[in-house]
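With my numbering applied, the sequence shown corresponds to residues 43 to 270, in that order. Don't be surprised by glycine CBs; every beta carbon is placed ideally from N, CA and C. Worksheet: one structure, shown below.
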Amino acid sequence: MTLGLWGGILVILVVAALFGVLYYFLKRNLRNHEADAVALSAWATDHGYTYVERDDQTWTKRWHFFPFGTGDPQHADHVVSGKYGDLEFAAFDYNFTNYGATGSGSSSATLHFAMVVVKLAQSVPYFDARKRQHHLLPPHEANEFALGDKAFDDKYIVHADDQTYATSALVPSLLAMIVSQKLQGIHVVDGRLFAWVDQTHNKVATLPGRLAAIVEGAAALPSAPGAS
Numbered sequence: 043m044t045l046g047l048w049g050g051i052l053v054i055l056v057v058a059a060l061f062g063v064l065y066y067f068l069k070r071n072l073r074n075h076e077a078d079a080v081a082l083s084a085w086a087t088d089h090g091y092t093y094v095e096r097d098d099q100t101w102t103k104r105w106h107f108f109p110f111g112t113g114d115p116q117h118a119d120h121v122v123s124g125k126y127g128d129l130e131f132a133a134f135d136y137n138f139t140n141y142g143a144t145g146s147g148s149s150s151a152t153l154h155f156a157m158v159v160v161k162l163a164q165s166v167p168y169f170d171a172r173k174r175q176h177h178l179l180p181p182h183e184a185n186e187f188a189l190g191d192k193a194f195d196d197k198y199i200v201h202a203d204d205q206t207y208a209t210s211a212l213v214p215s216l217l218a219m220i221v222s223q224k225l226q227g228i229h230v231v232d233g234r235l236f237a238w239v240d241q242t243h244n245k246v247a248t249l250p251g252r253l254a255a256i257v258e259g260a261a262a263l264p265s266a267p268g269a270s
């Protein structure tokens, strides 16, 4: 009985310790995230950009391509917006929660994405390029094609309504930007270029360089055939 008693106490202590460690890391991550948000707000103000804590109305439930269009609730947090050069942009932390069922009950998982969205000077035909391991079947699956750049094609899937335009847009400099900025994907639609990195949020340490590179790539997109 003595061994059973001490064994039970040991189990309780181990579980308590595990919860303590988990609580510590959760609190530390929360503090770091709050510090990143304060720094981002200050950076936005210093550069004449607008900062809002959350803007779900503008940035959620409007589009249906990954990472949008799935999960509930959907949130756009720490939104920085303004004009970079000649183009308008918004950068925000997008997250959504998926719920499911397991053998022992329900489960949930919240996914986070550092988003940058650039409004193009003109509308151009739809195309996207997304990492294969992050690819979800989109409604344009039949429009998949290879660029002919084996190194890129091995890692990314490309879709387009107009393959001729997409090929002219996905030039080596844009492909290099996607890779160097470690983007999980870009999606050009609705007169905007969407770019994202998953499992993270926008930080002052990374956003300025990423924003500059994405805006440069957006500005270099060719005009669509027949565009005025």
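With three or more beta-carbon pairs closer than 8 Å as the criterion, would you say the segment 165-172 touches the segment 201-209? Output reads yes: the segment 201-209 touches the segment 165-172.
Could you give the distance in angstroms between the alpha-carbon of residue 80 and the alpha-carbon of residue 184? Roughly 44 Å separates the two Cα atoms.
Less than 6 Å between C-beta atoms, sequence neighbours within five positions excluded: which residues of the same chain meet that for residue 155? The beta carbon of residue 155 is closer than 6 Å to those of 109, 136, 238 and 240 in its chain, skipping five residues each way along the sequence.
If contacts are defined as beta-carbon pairs under 8 Å, then residue 189 and residue 160 qualify, I think. What distance do you get, rounded to the angstrom? Actually they do not touch by this definition, with Cβ atoms about 22 Å apart.
Exposed or buried, residue 228, counting other C-beta atoms within 10 Å across all chains shown (16 or more means buried)? buried
Among the residues of its own chain, which have a CB less than 7 Å from the CB of residue 195, if the five just before and after it don't count? 188 and 189
Contact belief for residue 234 with residue 162 at Cβ below 8 Å, rounded distance in angstroms: 6 Å
Answer with buried or exposed for residue 245, where buried requires no fewer than 16 other C-beta atoms within 10 angstroms of its C-beta. buried
Measure how close the beta-carbons of residue 101 and residue 118 come, nearest whole angstrom, since I'm counting them as under 8 Å. Rounded, the Cβ-Cβ distance is 4 Å, consistent with contact.
Close Cβ partners of residue 257 (< 7 Å) along its chain, the five nearest in sequence each way excluded: 126, 127, 129, 131 and 160
Assign residue 90 to buried or exposed, taking buried as 16 or more other Cβ atoms, counted over all protein chains shown, within 10 Å of its Cβ. Exposed: under 16 other Cβ atoms inside 10 Å.
Cα separation between residue 175 and residue 221? 14 Å
As assigned by DSSP and simplified to three states, the class of residue 116: strand
Report buried or exposed for residue 99, applying the criterion of at least 16 other Cβ atoms within 10 angstroms of its Cβ. exposed
Cβ-Cβ distance between residue 111 and residue 140 below 7 Å: no
Cα-Cα separation between residue 213 and residue 122, rounded to whole angstroms: The alpha-carbon atoms of residue 213 and residue 122 are separated by roughly 28 Å.
Starting from the C-beta of residue 191, find all residues in its chain whose C-beta is less than 7 Å away, skip the five residues before and the five after it, and write them out in chain order. 217
Return the first residue and the last residue of the alpha helix (DSSP H) that residue 195 is part of. 192-195
Return the first residue and the last residue of the beta strand (DSSP E) that residue 227 is part of. 227-231
For residue 242, collect the residues of the same chain with a Cβ closer than 7 Å to its Cβ; drop the 5 residues on either side in sequence, then sort them by chain order. 154 and 156
Looking only at its chain, what residues have a beta carbon closer than 6 Å to the beta carbon of residue 223, apart from the 5 residues adjacent to it on each side? 252 and 255
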